[in-house]
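Written out below as structure tokens is the structure these notes cover.
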Amino acid sequence: MIYELRVYHAVAGQMPKLLARFKDKTIPIWETHGIRPIGFWTTLIGESNHELTYILQWDSLADREQKWAAFQNDPVWHQARDESERNGPIVASIANQILTPTAFSALK
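Numbered per my numbering, the sequence shown spans residues 58 to 165.
Structure follows, in structure tokens:
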């Protein structure tokens, strides 16, 4: 099992739209592709309160590549993304890391 840590930096003032897109559009589309989110967090104390951080669980790098590509090419996703950004971008930047658990990690 591997995990992907992703951090979305929302455009100032656009965090509510980003959260709504994940809740109402992105997560349901992920379900159709077998993408497994572990959890989502917003920054309470830190450098920016315009961040959405989440973790996805994958069986392997090949599993991630196949499912993420299918999601990225899904026309339903393209429509949802385009609708949410029709008045301008809501995401300023995205950072991600692929993580592997340690022997003593609660998540394996």
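Backbone N, C-alpha and C fix where the C-beta goes; we use that ideal spot for every residue, glycine too.
Length of the line joining the Cα atoms of residue i and residue j
| i | j | result |
| --- | --- | --- |
| Asn-91 | Asn-144 | It should be pointed out that residue 91 corresponds to Gly in this sequence rather than to Asn. Answer to the nearest angstrom: the Cα atoms are 30 Å apart. |
| Phe-128 | Thr-100 | 26 Å |
| Ile-159 | Ile-59 | The residue you asked about is not Ile; residue 159 is Thr in the sequence shown. Their Cα atoms are separated by approximately 11 Å. |
| Phe-161 | Ala-126 | 31 Å |
| Glu-104 | Gln-123 | 34 Å |
| Ala-137 | Thr-157 | 31 Å |
For residue i: DSSP bridge partner residues
| i | result |
| --- | --- |
| Leu-62 | Ile-112, Gln-154 |
| Val-148 | Ala-67 |
| Thr-99 | Leu-109 |
| Arg-93 | Gln-114 |
CB of residue i within 8 Å of CB of residue j, strictly
| i | j | result |
| --- | --- | --- |
| Glu-61 | Asn-153 | yes |
| Ala-67 | Leu-109 | yes |
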